[in-house]
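Novice: In the UniProt record's numbering, the protein residues as written are 1 to 53.
Can you read through this structure? Questions will come right after.
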């Protein structure tokens with residue numbers, strides 16, 4: 001069984017990122033979105049690491 005809670009937030013982040021990316025933001029918008037995605041991925045990784053203990 002796939003741990004749904006573990007993959008829920010990363011999937012939501014990627015979907016939102018793709019939707020906003022295809023709505024054609026400017027260069028600054030793309031940079032901010034990418035930084036938010038990276039920070040979100042790091043936070044999700046930390047949550048999953050602590051969640052699995």
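Each residue gets a CB set at the ideal place from its N, CA and C atoms; glycine is no exception.
These numbers were taken from a predicted model, which means no experiment stands behind them.
Measure the C-alpha to C-alpha separation of residue 20 and residue 49 and round it to an integer number of angstroms.
Specialist: Along the chain shown, read from residue 1 onward, the residue named residue 20 stands at position 20. Along the chain shown, read from residue 1 onward, the residue named residue 49 stands at position 49. So the alpha carbons of these two residues sit roughly 28 Å apart.
Novice: Excluding the 5 residues preceding and the 5 following residue 44 in the sequence, name in chain order all residues of the same chain whose CB lies nearer than 6 Å to its CB.
Specialist: In the chain shown, counting from the first residue as 1, residue 44 sits at position 44. So the qualifying residues of the chain are 9 and 10.
Novice: Where does residue 25 sit, in a helix, a strand or coil, going by DSSP?
Specialist: As a first step, residue 25 must be located in the chain shown, where it is residue number 25. DSSP places residue 25 in coil when its eight states are reduced to three.
Novice: If you draw a straight line from the alpha carbon of residue 37 to that of residue 14, how long is it in whole angstroms?
Specialist: Taking the chain shown and counting its residues from 1, the one referred to as residue 37 is at position 37. Taking the chain shown and counting its residues from 1, the one referred to as residue 14 is at position 14. Cα-Cα distance, rounded: 7 Å.
Novice: Could you tell me how far apart the beta carbons of residue 25 and residue 33 are, in whole angstroms, since I believe they sit closer than 8 Å?
Specialist: For this step, residue 25 is matched to residue 25 along the chain shown. For this step, residue 33 is matched to residue 33 along the chain shown. At roughly 7 Å, the Cβ-Cβ gap stays under 8 Å, so residue 25 and residue 33 are in contact.
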